[in-house]
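Just so you know, the protein sequences line up as chains A and B, in that order. Read in order, the letters of the first sequence correspond to residues 1 to 343 in the UniProt record's numbering. Read in order, the letters of the second sequence correspond to residues 1 to 343 in the UniProt record's numbering. Don't be surprised by glycine CBs; every beta carbon is placed ideally from N, CA and C.
Number of protein chains: 2
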Amino acid sequence: MQKEITIYDIAAKLNISAATVSRGLKDHPRVSKATKKLIVKTADEMGYRSNSFASNLRKKQSNVIGVIVPRLNSNFMADVLAGIEKVVNNNNYNLFISQSLETMKKEASNAKAMLNNRVDGLLVSVAYDTTSFDHFEPFIKRNIPVIFFDRVFDHAMCPQIYIDNYKAAFDITNHLIKQGCKKIVHIGGNQLRNVYSERFQGYKKALEENHIEFDNSLVIINDLTSEAGAEAAGEILKMDPLPDGLFVANDICAVGCMQALKKEGINIPDDIAVAGFNNDPTATVIEPPLTTVNYKGHEMGEAAAKLMINYLLDKQDLQQTHGLILRSELIIRESSLRDKSKQ
Amino acid sequence: MQKEITIYDIAAKLNISAATVSRGLKDHPRVSKATKKLIVKTADEMGYRSNSFASNLRKKQSNVIGVIVPRLNSNFMADVLAGIEKVVNNNNYNLFISQSLETMKKEASNAKAMLNNRVDGLLVSVAYDTTSFDHFEPFIKRNIPVIFFDRVFDHAMCPQIYIDNYKAAFDITNHLIKQGCKKIVHIGGNQLRNVYSERFQGYKKALEENHIEFDNSLVIINDLTSEAGAEAAGEILKMDPLPDGLFVANDICAVGCMQALKKEGINIPDDIAVAGFNNDPTATVIEPPLTTVNYKGHEMGEAAAKLMINYLLDKQDLQQTHGLILRSELIIRESSLRDKSKQ
DNA sequence: ACGAAAAATGCAATCGATTGTATTGTGTTT
DNA sequence: AAACACAATACAATCGATTGCATTTTTCGT
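1) Cutting at 7 Å between CB atoms, please list the residues of its own chain near residue 10 of chain B, excluding the five before and the five after it.
2) Let me know the secondary structure DSSP gives residue 234 of chain A once reduced to three states.
3) Pull up the DSSP beta-bridge partners for residue 211 of chain A, would you.
4) Against residue 414 of chain B, what residues of chain A qualify as contacts under a CB-to-CB distance less than 7 Å, listed in chain order?
5) Along chain A, in chain order, which residues have C-beta atoms closer than 8 Å to that of residue 255 of chain B?
6) Leaving out five residues on either side along the sequence, give the residues of the same chain with a beta carbon under 6 Å from the beta carbon of residue 118 of chain A.
7) Between the segment 201-219 of chain B and the segment 256-265 of chain B, do at least 3 Cβ pairs fall closer than 8 Å?
8) Return the bridge partner residues of residue 162 of chain B from the DSSP annotation.
9) When you compare the CB of residue 52 of chain B with every CB in chain A, is at least one pair closer than 7 Å?
10) Provide the residue span of the alpha helix (DSSP H) that contains residue 99 of chain A, from first to last.
11) For residue 163 of chain B, is the classification buried or exposed, using 16 other Cβ atoms within 10 angstroms of its Cβ as the cut-off for buried?
12) Got a sec? Which residues, its chain only, sit under 6 Å from residue 97 of chain B by beta carbon, not counting five neighbours each side?
13) Using the rule of at least 16 other Cβ atoms within 10 Å of the residue's Cβ for burial, across every protein chain shown, is residue 263 of chain A buried or exposed?
14) Whole angstroms are fine: how far does the CA of residue 306 of chain B sit from the CA of residue 94 of chain A?
15) Can you tell me which of the three DSSP states residue 184 of chain A falls into?
16) Short of 8 Å Cβ to Cβ, which residues in the segment 104-118 of chain B face chain A?
17) With residue 194 of chain B and residue 222 of chain B assumed to form a contact (beta carbons below 8 Å), what rounded beta-carbon distance in angstroms separates them?
18) Kindly say whether residue 122 of chain B, judged by its beta-carbon, lies nearer than 7 Å to any beta-carbon of chain A.
19) For residue 146 of chain B, list the residues DSSP reports as bridge partners.
20) Hey, how far is the Cα of residue 157 of chain B from the Cα of residue 326 of chain A?
21) Helix, strand or coil for residue 276 of chain B? Go by DSSP, reduced to three states.
22) Between the segment 290-310 of chain A and the segment 71-81 of chain A, do three or more beta carbon pairs fall short of 8 Å?
23) In this structure, does DSSP put residue 291 of chain B in helix, strand or coil?
24) Which chain A residues sit within Cβ distance under 9 Å of residue 96 of chain B?
25) Hey, would you say residue 281 of chain A sits closer than 7 Å to residue 334 of chain A, going by beta carbons?
26) For residue 337 of chain A, which three-state DSSP category applies?
27) Could you check where the alpha helix (DSSP H) with residue 268 of chain A kicks off and where it finishes?
28) Please list, in chain order, the residues of the segment 267-298 of chain B that have any C-beta partner in chain A closer than 7 Å.
29) In chain A, what lies closer than 9 Å to residue 346 of chain B by C-beta?
30) Can you list, in chain order, the residues of its chain with a C-beta nearer than 8 Å to that of residue 338 of chain B? Leave out the 5 residues immediately preceding and following it.
31) Between the Cα of residue 292 of chain A and the Cα atoms of A:246, A:312, A:216, A:311, which residue gives the shortest distance?
32) So, for residue 160 of chain B: in the same chain, excluding its five sequence neighbours on each side, which residues have a beta-carbon less than 6 Å away from its beta-carbon?
33) Please name the residue, chosen from A:275, A:36, A:240, that lies closest to residue 177 of chain A on a Cα-to-Cα basis.
34) Taking only beta-carbon positions, decide if residue 261 of chain B is within less than 7 Å of chain A.
35) List, in chain order, every chain B residue whose beta-carbon is nearer than 7 Å to that of residue 56 of chain A.
36) Under 7 Å between beta-carbons, which chain A residues line up against residue 49 of chain B? List them in chain order, please.
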């Protein structure tokens, strides 16, 4: 194994100073074109690679952006990460990625690791049970930007990127009502999280506007997994009379619930019209295909990363953009579409 | 914003040397317990965080492991990453993650970035069109371990982690034949990649053992997306007589194909029995549920990460473990199960 | 209480790139 | 040919933690 080449080795070989080599390699205007060319050529020949540790130490920045997500193995998050990676990579930054596995404890320890590894910025979608901001305070104190996406946390110094969950939930519930639903069950997630509480509020608002009384016994809160969906189906089937509509806060859970309902002979959409949220791949595979809200993770990832990069490059004021609301769209499929002639 | 605290600040405050502080912080045996406690306490009070740049520079290691995958937004890869992250994180390493987007070009540029960022090791699942090892050579030259998983590349210095694709494909094809299939179509991916060529070979071998003549016109090679599956369905429907079995090299494509076939009135499994590969979430949602090969990405990720960590910690010989074959299992569902009484 | 061994701490070089300032070199003007 | 401007390059300090070796302090046996 060869010894690593440094700028000093290059300098020695060319009989010039290391300072000039350093400047030459990064295209500094104070180095003549001829010398530059020679330096680059020699560096190449000698198999030089810049030592980022030394450079980072001196420059006090790492060109690394940290990302903390609840889980890596979720379709939505994978999309988001793909979007982030694309932007970050195009700007010569690198990504540190870790998952909180939905607990604040791990989220905090991840944040600490990111801090010690001196990320230049942090992108976060918070865990299911995060209630405190303490683990992010050290970043704020040091002026390291923290940006929240999707599952956001309110903090004056942290921009947020999300969709209008309230409106989307309102629209989709409204749609169910228009299809003739009068008794609509809502399956939601932890109300601590904006995404789930807003979806719940949107649902309530739609009921209200349509003069349907809100009934708390029609609300089921769980962890929105497929299994939880199947369990919820059990609860639904016990309701008397049966509900005629169902709005679930995510597709995975909606699909799990649909499968269980179908097994019990429930006809969708005629007995119960169903709508989900997220436009998961399974939504188009289930029969009937699931009405849902589409919001592209890839775009959200790109938006979050771009905001971060712009801040890091221009040092523009982060507080100027406090919120960034991305577009979402209602996708109506057969799971909620009733034959108008029957009504 | 406060100035960052260094070991010198701590040393000054305690009237001891920076060397002792450094040793005290990392629990070096040559520092007395009393001093250690004092150092840690003071560091804590002063809000000290270690400067990883300086430490890395001196120690010539980064405690970072790089991962290059074809795509982040695939269910399987997300599982793998979750597994990797878990192990790596438990061992105080961090993850650099990037995606090649299935092109060797981006894979090479990612590898270069990883090299310059001085990862301590590299985990790779190669892109669709990777034909050369050149971009990994610099790692080998520097003794930086490179481990391939799932989509592996043959190289004497690089351990590989994968499942027995050949056997799994053989078994699943065999299963189709046992269900009475005589004319089985295979939809496969780029034959450059071990995973797809081995699945193809396993399919051929099963035909051979069952004295069914291999027919190249029954083989469709595409990029295994859902859309490609739908297209393939078109080709299948043109075959005369229709095939009675279908083995697809991944579930996403199989599901896309099934949906298209069903739309044309094909009955699955009675007209055509179908089997996929991967046990994607959609496999249990499609109707009828899809027979497939289950291999857990999470486990594969853990295995790859553990091998890497063990090497990095113990500097044990990497070449000892050249291949690590993980278990996979055939999951038989209704898409391939024919009523025995009918046969 | 003395010397030797053991324990605790300090010294100073090192890792490699960056950058403010100083110096050298080149060319132009008159 | 002297004087000056300006381009090109060199010098040397700096970033903060680590570690081999030297030095000081403590412990303990006799």
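Judging by the given coordinates:
1) 21, 39, 42, 43, 46, 48
2) The three-state secondary structure of residue 234 of chain A, taken from DSSP, is helix.
3) BP columns for residue 211 of chain A are empty, so no partner.
4) Past the edges of chain B, shown from 1 to 343, lies residue 414 of chain B, and the structure says nothing about it.
5) 285
6) 62
7) no
8) B:325
9) Taking Cβ atoms only, chain A reaches closer than 7 Å to residue 52 of chain B, which makes this a yes.
10) No alpha helix (DSSP H) contains residue 99 of chain A, which is instead part of the beta strand (DSSP E) from 94-99.
11) buried
12) 67
13) Within 10 angstroms of the beta-carbon of residue 263 of chain A lie fewer than 16 other beta-carbons, which makes it exposed.
14) C-alpha separation (whole angstroms): 23 Å.
15) strand
16) 110, 113, 115, 116, 117, 118
17) With a Cβ gap of about 18 Å, residue 194 of chain B and residue 222 of chain B do not count as contacting.
18) no
19) B:122
20) 47 Å
21) When DSSP states are grouped into helix, strand and coil, residue 276 of chain B belongs to the coil group.
22) yes
23) Three-state DSSP puts residue 291 of chain B in a strand.
24) Within 9 Å Cβ-Cβ: 64, 94, 95, 96, 97.
25) Contact flag unset, no.
26) coil
27) Segment: none, residue 268 of chain A is in no alpha helix (DSSP H) and carries neither H nor E.
28) 281, 282, 285, 286, 287
29) As displayed, chain B neither begins before 1 nor continues past 343, which places residue 346 of chain B out of reach and without an answer.
30) Around residue 338 of chain B: 179, 180, 269, 270, 273.
31) A:246
32) 148, 152, 323
33) A:275
34) With 7 Å as the cut-off, residue 261 of chain B does not count as an interface residue toward chain A.
35) 53
36) 115, 116
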